[in-house]
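Per my numbering, the sequence shown runs over residues 234 to 596. By construction, the Cβ of each residue, glycine as well, lies at the ideal position given by its N, Cα and C atoms. All of these numbers come straight from a predicted model, not from anything done at the bench. Reading through the structure tokens given below for one structure.
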Amino acid sequence: RYRTLEEVEQVIRRGDADMVGMNRATIADPDLVLKTMEGREDEIRPCIACNQGCLGQLMDGTGVGCAVNAAAGFEEQLGDDKLNKVESPKKILVIGGGPSGMETARIAALRGHEVILAEAMADLGGTLNYAGMAPTRQQFNDFVRWADRAVYAAGVDVRLSTYVTEDDLASIAPDHIVLATGAEPRVDGVQLSHPGEPFEGKELAHVISSNELFADSNCQATNALVIDETGHYEALAAAEFLISRGASVTFVTRHYSIAPRMEGPHMIEPFLERMADKPFTFHERKRVLKVDGQSAVIKSIHDGPEITINADLVVHVSMNRPRDELVPAIKETSIPFSYVGDAISPRFLVAAIASGNAAGRTI
């Protein structure tokens with residue numbers, strides 16, 4: 234995978250190739266060559282090799298798109314030259330600086346709105362900052378850095394470490410509010426194969442979410458259990474992250490195979506190859522019955538004997554739920570508001586960026 238023209242030139246200079254294609258890089262930013270020639274490399278929207286919009290959508294028949302470039306495949310409708318300036322600018326408050334919030338703020342500001350972007354954390358990026366900590370996923374950080382620069386360049390008033398309250402709504406007095414507050418992991422121990430039977434021990438301190446795992450630089454384990462509800466890369470990333478820190482990992486999923494919701498075998502096979510000589514054990518079509526400080530009991534989601542495994546850390550990668558605690562206060566103000574991204578319902582990055590882009594164009 235080649236991301237920059239400098240990398241490509243090195244290949245050609247070495248005589249390794251006469252010509253190099255940069256398919257995904259130019260889907261992410263069709264102006265990659267122009268921006269490079271004009272010395273605007275910092276403006277190039279980076280491909281993060283997630284394959285959600287390009288190969289993923291190509292394989293499921295919906296057509297090539299791009300997780301980080303909502304205009305990919307829709308250039309006639311969403312190209313940069315299709316951003317219509319607003320005749321009557323509004324003051325827009327975007328609450329949440331994750332990928333959807335940043336995209337909403339960027340597009341709305343480019344159209345001429347006065348945009349305030351409030352983020353509760355000390356940095357923009359939302360859960361992408363956690364994703365970028367996973368082995369083989371550091372390129373997610375490249376997009377966060379690009380989006381951060383793009384938001385400021387568009388003239389957005391960015392307010393970090395700002396948890397918006399009811400009083401803030403009154404003092405800011407926006408014309409429109411965009412809830413980009415994202416989603417948070419479920420902590421109720423529910424497994425979708427048996428939703429009425431949360432596993433015993435779910436409230437114990439050693440049971441954490443993947444967000445908590447990535448956020449804690451001191452988190453250590455000898456024998457870790459990863460419970461995968463989503464069937465996507467998040468649980469794989471947690472497992473690989475733990476193994477990189479010296480843990481043995483038991484991976485339990487309700488699904489019939491490992492990560493069936495990934496963007497195709499081209500994404501899963503490299504992971505399995507990396508795990509081939511690692512302390513990684515996989516249990517498909519299983520659920521967790523109970524955990525304690527040192528062990529866990531699992532069994533088939535249908536029937537069968539109980540299996541006891543060692544587990545001094547449990548990472549429950551569950552379906553998330555939208556953060557909506559501010560909605561009642563917003564409704565009391567009568568200020569028009571809308572949702573984007575995971576605040577509507579949890580979704581993958583390609584849908585989150587598209588949601589933010591659409592909101593920025595329609596307000």
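Item, Value
"Length of the line joining the Cα atoms of T463 and P418", "11 angstroms"
"Beta-carbon gap between A576 and T398 smaller than 9 angstroms", "no"
"One or two residues paired with L291 in a DSSP bridge", "L291 is not bridged to any residue."
"Which of helix, strand or coil DSSP assigns to H346", "coil"
"Among T295, V301, D293, E274, nearest to C280 - alpha-carbon criterion", "V301"
"Identity of the residue in A592, M508, L437, S571 nearest V524 by Cα", "L437"
"Cβ neighbours of M255 in the same chain (closer than 6 angstroms, five flanking residues each side left out)", "Y235"
"Secondary structure, beta strand (DSSP E): runs of 3+ residues fully inside the stretch 484 to 517", "513 to 516"
"Short Cβ contact (9 angstroms threshold) for A305 with A261", "yes"
"8 angstroms contact criterion, which K519 and S533 should meet: CB distance rounded", "6 angstroms"
"Neighbourhood of F373 by C-beta, 6 angstroms cutoff - its chain only, sequence neighbours within 5 removed", "I281, L361, A364, G365"
"Rounded C-alpha distance that separates A606 from S321", "The first residue shown for the chain is 234 and the last is 596, placing residue 606 beyond what the model contains."
"Outcome for P561 when other beta-carbon atoms lying within 10 angstroms are tallied against a minimum of 16", "exposed"
"Touch test, the stretch 379 to 387 against the stretch 325 to 336, Cβ-Cβ under 8 angstroms, three pairs minimum", "yes"
"Selected residue, minimal CA-CA separation from A380, among R594, T595, G589", "G589"
"Residue interval of the beta strand (DSSP E) (run including K324)", "324 to 328"
"Close-in-space but distant-in-sequence residues of the same chain around E259 (CB under 6 angstroms, 5 per side omitted)", "Note that residue 259 is Thr in the sequence shown here, rather than Glu. Excluding residues within five positions, the ones whose Cβ falls inside 6 angstroms are L265."
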